[in-house]
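Just below is one structure, and these are the notes that go with it.
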Amino acid sequence: MPAVLTVRLFARYADLFGADRLEIPAEGIETVRDLLARIRALPGGAAVAATALVAVNLTQARGDAAVSPRDEVALLPPLAGG
Amino acid sequence: MPAVLTVRLFARYADLFGADRLEIPAEGIETVRDLLARIRALPGGAAVAATALVAVNLTQARGDAAVSPRDEVALLPPLAGG
Amino acid sequence: MPHLTRARLDLGDLLCEIAAPERGGVASFLGLVRDHHEGRGVQGIEYSAYEPMAESLCEAIVTEAQARWPVRVALRHRLGELVVGDTAVAVAVAGPHRDEAFAACRYVIEELKRRVPIWKRERYADGTEQWVDPTREARSERVEGRGSLR
Amino acid sequence: MPHLTRARLDLGDLLCEIAAPERGGVASFLGLVRDHHEGRGVQGIEYSAYEPMAESLCEAIVTEAQARWPVRVALRHRLGELVVGDTAVAVAVAGPHRDEAFAACRYVIEELKRRVPIWKRERYADGTEQWVDPTREARSERVEGRGSLR
Chain C
115 MPAVLTVRLF ARYADLFGAD RLEIPAEGIE TVRDLLARIR ALPGGAAVAA
165 TALVAVNLTQ ARGDAAVSPR DEVALLPPLA GG
Chain E
115 MPAVLTVRLF ARYADLFGAD RLEIPAEGIE TVRDLLARIR ALPGGAAVAA
165 TALVAVNLTQ ARGDAAVSPR DEVALLPPLA GG
Chain P
2 MPHLTRARLD LGDLLCEIAA PERGGVASFL GLVRDHHEGR GVQGIEYSAY
52 EPMAESLCEA IVTEAQARWP VRVALRHRLG ELVVGDTAVA VAVAGPHRDE
102 AFAACRYVIE ELKRRVPIWK RERYADGTEQ WVDPTREARS ERVEGRGSLR
Chain X
2 MPHLTRARLD LGDLLCEIAA PERGGVASFL GLVRDHHEGR GVQGIEYSAY
52 EPMAESLCEA IVTEAQARWP VRVALRHRLG ELVVGDTAVA VAVAGPHRDE
102 AFAACRYVIE ELKRRVPIWK RERYADGTEQ WVDPTREARS ERVEGRGSLR
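Residue numbers (our numbering), protein chains in the order written: chain C, 115 to 196; chain E, 115 to 196; chain P, 2 to 151; chain X, 2 to 151.
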């Protein structure tokens, strides 16, 4: 079974993909930047900002941060608390 | 009957003179500065600061403001609200 | 206490948590649901969060404020369906003096807005709904500002 | 509502007075009686005022804040005998956004302290009492500051 990255989706992005999570084949994805590029290439994915926030293990991650199938990964729309 | 200035006292100054108000002969008192000088010459009055606050008709008054027996005059210790 | 809740927020509860005889200054902030936003009539807001991350960041922000100033902080954000006038967020800070209390209160609400993964969908009077995007509003405000004569 | 009262202060009452559907940001400040002051144990404080002047100045300060920012302000100061933990002063400000609410809240408490004729006599744990003089404290703090190596 090929490894997959599970990406949690919220708010606008959950609506965009009609799902609470994406299962993405991990092959060729080393970093947050790679992951974002793959997501933006999905149908409807162009609406995800190239600078979208990604959290890895509950912490906001930079583009060059590593991601692996063992991590809890989340794609965060622009924050709007308060 | 000679005219008198009634000066209301509060807090520390009420304790100092043992009274809620002073009745001061108005003769020779034209301004807030004159009044303060007279008060400071009373027994115990040296403990009143030369820069003590004086209110005339519910408004803080400068040294050169006029006072007359028709005014409501008050001698205010350093403010400590809040 | 968890910082995220679906129950009504009560500032009195927060004040009780942080009160102590040596703390004389208490600053607080409440964010309420307003009846309008960008010129549209608002009926309600649905708040949602990436809950484990939001909890952990709220706790981090409280800890940061308490390390930086000699204060105690209580912070609560509500999730779920809110109507106009409901309290969405409450911050209360008690310290020995008002300077620290105000500074820490301001810090907590600004950091919450900047860092905590919470989202809101507004329900408008005309029946439509929309996710709120503060980054887009900031951009359009800048563009409008540039074009105006004010 | 008069701004001076001998009754217990309740922040909830002030919040009700200023709430409105178009106001989303509410900042507030409470000044409580602390259990110490300048290193001495405090048991209670008696607040008194030159009442007509203090009422008139509180009203002026509220009016100034409401003219300068698009906010509604509630301000209340308690008089009489207070014990540790009692609320001596309460300020609540509601506005469309938090910047104005915080700025106006800060303005009101600072102006109250600077301009309103209210006095307090502290009762200490050792049975003595003393009128509080913030101008004297500011002077002695400056002198101490000059002499220290911090």
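Ideal placement from N, C-alpha and C gives every residue a C-beta, glycine not left out.
In this text the structure is predicted, and so the values were computed from the model without any measurement.
For secondary structure counted as the beta strand (DSSP E) over 3 or more consecutive residues, the stretch 34-96 of chain P holds these complete runs in sequence order: 41-50, 73-79, 81-84 and 88-96. A distance below 7 Å between beta-carbons, with the five flanking residues on each side excluded, links PRO191(C) to the following residues of its chain, in chain order: PHE124, ALA125, ARG126 and TYR127.
Under the DSSP definition of a beta bridge, ALA188(E) partners with ARG122(E) and ALA169(E). One thing to note: GLU101(P) has its Cβ no nearer than 8 Å to the Cβ of VAL63(P). The Cβ of SER29(P) sits no closer than 8 Å to any Cβ of chain C. DSSP, read as helix, strand or coil, puts ARG7(P) in coil. In this structure, DSSP gives THR129(P) a state outside helix and strand, which the three-state scheme calls coil. Judged by DSSP in its simplified three-state form, ALA164(E) adopts coil rather than helix or strand.
When 9 Å is used as the limit between beta carbons, PRO192(E) is near these residues of chain X: TRP120, TRP132, VAL133, ASP134, PRO135, THR136 and ARG137, in chain order. Look at LEU172(E): its C-beta is under 8 Å from a C-beta on chain X. Under the Cβ criterion of 8 Å, PRO53(X) is counted among the residues facing chain E.
Non-local C-beta neighbours of ASP178(C) in its own chain, meaning closer than 6 Å and more than five positions away in sequence, comprise THR145, ordered along the chain. Of all residues in the stretch 78-90 of chain X, those with a C-beta nearer than 8 Å to a C-beta of chain E are HIS78, ALA89 and VAL90, reading in chain order. Straight-line measurement puts the Cα of GLY96(X) at about 8 Å from the Cα of GLU23(X).
The contact set of GLU23(X) on chain P, defined by CB atoms closer than 9 Å, consists of ARG35, ASP36 and HIS37 in chain order. Using a Cβ-Cβ cut-off of 8 Å, ALA20(P) counts as an interface residue toward chain X, since at least one Cβ of chain X sits closer than that to its own.
GLY45(X) is outside the set of residues whose beta carbon lies under 8 Å from a beta carbon in chain P. Counting only residues of its own chain and dropping the five nearest sequence neighbours on each side, PRO139(E) has a CB closer than 7 Å to the CB of PRO116 and VAL118. Contact of GLY32(P) with chain C by beta-carbon distance below 7 Å involves GLY196. Under the three-state reduction of DSSP output, ILE143(E) falls in the coil class, being neither helix nor strand. GLU123(P) and GLU130(X) have their C-alpha atoms roughly 57 Å apart. In the displayed model, GLY32(X) falls within a strand according to three-state DSSP. Taken atom to atom, the span from the alpha-carbon of ALA89(P) to that of LEU83(P) is near 8 Å. The beta-carbon of ARG107(X) is placed less than 8 Å from the nearest beta-carbon of chain P. When DSSP states are grouped into helix, strand and coil, LEU136(C) belongs to the strand group.
Residues of chain X whose Cβ lies closer than 8 Å to the Cβ of GLY26(P) are, in chain order, PHE30, LEU31, GLY32 and LEU33. About 6 Å separates the CB atoms of GLU52(X) and LEU5(X); that is less than 8 Å, so the two are in contact. Annotated three-state conformation of ALA180(C) is strand, per DSSP. Per the coordinates, the alpha-carbon of ARG35(P) lies some 12 Å from the alpha-carbon of VAL27(X).
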